[in-house]
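2 protein chains.
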Amino acid sequence: MENPVRPRFGYLYPRPAVTTDCVIFGFDIADELLKVLLIERGIEPYKGRYALPGGFMQIDARINEFGLVVEERNESLLDCAKRELKEETGFDVQNIYELGTWSTPGRDPRCITITDAYYALVTIQPVRGGDDAADAKWVPLYQVLNTIKNLPDGLRFLAFDHDEIVTAAHVRLQQQLCFEPLAFKLLPKRFSMTTLRRLYEAILEKNFDRRNFARKMLDSGILDAFPTESRNINYQLNLEKYEEFKRTGRLSNLIF
Amino acid sequence: MENPVRPRFGYLYPRPAVTTDCVIFGFDIADELLKVLLIERGIEPYKGRYALPGGFMQIDARINEFGLVVEERNESLLDCAKRELKEETGFDVQNIYELGTWSTPGRDPRCITITDAYYALVTIQPVRGGDDAADAKWVPLYQVLNTIKNLPDGLRFLAFDHDEIVTAAHVRLQQQLCFEPLAFKLLPKRFSMTTLRRLYEAILEKNFDRRNFARKMLDSGILDAFPTESRNINYQLNLEKYEEFKRTGRLSNLIF
DNA sequence: AAAAAATGCGTAATTTTAACACAATGCAAC
DNA sequence: GTTGCATTGTGTTAAAATTACGCATTTTTT
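Chains as they are written, first to last, in the numbering used here: chain Z, 1 to 256; chain E, 257 to 512.
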């Protein structure tokens, strides 16, 4: 066995490697599908498999004259997640939320690695020719979840334990919808009521009565209406009204 | 400057230290207050201040003949949290849930440290003489939260950033109550309807009509009734009925 | 023992949700 | 361009859930 590179950063006790991964949700207006952004891995392990964008936490440190690590600067885990997203997918993500950590022993074959997982909501740009990151791909969420669900025991679709992370992110997104109108963060500034409803239906996997849904949304008062060229009406989130509405604390009634 | 201990575990890149902390919730039947278990720190930093129980993640590793770290066994973060709780408070915690990570640069003056925070629900043993851990203390949550809220800017009540963690844990507990009957995990096996209501009121900081609350709970079908010596009735969670009820997915209506 | 508080059991008014009707508009095929 | 069909905006009504409150009785307090 060789020893090609000498480890430089030494500690009194062993430490795990720390990474972030992120489930990026987007709503494709064209086919009205909720999608997630996956990266095809170019290196081992899991080369060629799809995975969530993510990577190692960055710490700037130097070694002093006693051989001790002197830490100079570090990023928070959230910063790390945002930086990795920018690097791997080109997205400057604003709406990003922590999902949880994954730390099962053996989850990364290289070394003991814990990951802090996030989920982010972005608006899919209309029919982009190709992604900044050549290997990034929008995949319908239902396809991913179905593939995962129907896999024989012990097999995985995505790299590492990312199957679990995607599944958990979807559940969290559904729950979070009870407390915050996250859905709006997946849409362009203005949207039709039908689009909004289709989005809620896609996330919650449940159909709503068109008229009752519209009434609930409008009664909440958080939407401003704008006429269009045709007879149809477009809507836009009124942030002030929304903040007030959130304080009143009855958003759960929107859905449940 | 001295170099008393030689760092043994070396890596190619700097790594953060990883810890877990836990907010332990308990409901004190005696005074009907929701309380959290705090530890008085015996060592620097923050010596003498109250803090959440927690500690460093444990990894077993050795150094091979090339000076490389060979990892042999590690615990998950959840295991770490449970182990630290057992060590520091004597509690064998069953109901423990992840809250989130804290990783702001500088949050630990010793070194770059990220913490994975948990919250746990236990039943406070009736009038225990003294805690296993001499420095552990049950403190009413409202006292902690009020102290934190009224602190001048920049000052903290608890050690590290534990003020934030406790506050976040309370919010999460409130939200989680919409999806799971976590409250029962804070009570002894059997309890009166009034106790249950007081608990919900303590967690949600909101009063319920005695009669309406009882009806909602009983209508849900998840409680079995048991007569007592007096005219009063005690109740007990029916786990099967509850699991069924959870699938039906209308627990949010209990509260909202 | 009297007063006060807590308990069990109930009803009615109100609000919220769910189910459905219908006319007008946009769109595609012919 | 007109015919058929899906979509949109506007409404009504029945059912269900929530809220507010009464009252006799038991338990606790003073």
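Backbone N, C-alpha and C define an ideal beta-carbon position, used for all residues, glycine too.
With a contact defined as Cβ atoms closer than 8 Å, Z:Y118 and Z:E88 miss out at about 13 Å.
As DSSP reads the structure, E:P396 sits in a beta bridge with E:K291.
By the rule that beta-carbons nearer than 8 Å mark a contact, E:V274 touches chain Z.
Interface with chain E (8 Å Cβ-Cβ cutoff): Z:F9 is included.
The beta carbon of Z:I114 falls within 8 Å of a beta carbon belonging to chain E, placing the residue at that interface. Annotation for Z:E164: the continuous alpha helix (DSSP H) segment containing it runs H162 to Q176. Listed along the chain, the chain E residues whose CB falls inside 7 Å of the CB of Z:M57 are P272.
Nothing from the segment 456-476 of chain E brings a Cβ to less than 8 Å from some Cβ of chain Z. Closer than 8 Å to the CB of E:L377 there is not a single CB belonging to chain Z. Its Cα nearest to that of E:A470, the residue E:S448 stands out among E:S448, E:A337 and E:Y267.
By the neighbour-count criterion, in which a residue is buried when 16 or more other Cβ atoms sit within 10 angstroms of its Cβ, Z:I43 is exposed.
Minimum Cα-Cα distance from Z:T115 among the listed residues E:N494, E:L333 and E:P483 corresponds to E:L333. For Z:I43, no beta strand (DSSP E) encloses it, and the DSSP letter there is neither H nor E.
A straight-line Cα-Cα distance of about 44 Å links E:L397 and Z:P140. Z:Y242 has a beta carbon lying at 8 Å or more from every beta carbon in chain E.
Contact annotation for Z:F179 against chain E: Q431 and C434 [CB-CB distance below 9 Å, chain order].
Per DSSP, the continuous alpha helix (DSSP H) segment holding Z:N212 begins and ends at R210 to S220. The C-beta separation of E:W394 from E:G477 comes to about 33 Å, leaving the pair out of contact by the 8 Å criterion. Interface with chain Z (8 Å Cβ-Cβ cutoff): E:Y374 is excluded. Bounds of the alpha helix (DSSP H) holding E:I459 are M449 to L460. Partner residues in the beta bridge of E:P483, as assigned by DSSP, are E:I489. For E:T345, there is no enclosing beta strand (DSSP E); the enclosing alpha helix (DSSP H) covers residues L333 to T345. Not one beta carbon of chain E lies nearer than 8 Å to the beta carbon of Z:C22.
For Z:E180, no beta strand (DSSP E) segment is defined, and its DSSP state is neither H nor E.
Here the alpha carbon of E:Y267 sits roughly 15 Å from the alpha carbon of E:I368. Around the beta carbon of E:P301, fewer than 16 other beta carbons lie within 10 angstroms, which makes this residue exposed. Contact of E:G356 with chain Z by beta-carbon distance below 7 Å involves E98. Look at the segment 325-339 of chain E: the residues with a C-beta under 8 Å from a C-beta of chain Z are V325, E327, R329, N330, E331, S332, L333 and L334. With a threshold of 8 Å between beta carbons, E:L341 makes no contact with chain Z. Counting only residues of its own chain and dropping the five nearest sequence neighbours on each side, E:Q430 has a CB closer than 7 Å to the CB of I459 and L460.
Scanning chain E for C-beta atoms nearer than 7 Å to the C-beta of Z:T167 yields nothing, as the closest lies near 15 Å away. Following the DSSP letters along the chain, one finds E:Y267 inside the beta strand (DSSP E) bounded by residues F265 to Y267. Fewer than three pairs of CB atoms, one per stretch, sit closer than 8 Å, so the segment 149-161 of chain Z makes no contact with the segment 59-76 of chain Z.
Here DSSP, grouped into helix, strand and coil, assigns E:E496 to helix.
Using a Cβ-Cβ cut-off of 7 Å, Z:T104 is close to S332 of chain E, given in chain order. Burial is judged here by how many other beta carbons sit within 10 angstroms of a residue's own beta carbon; Z:A136 has at least 16 and is buried.
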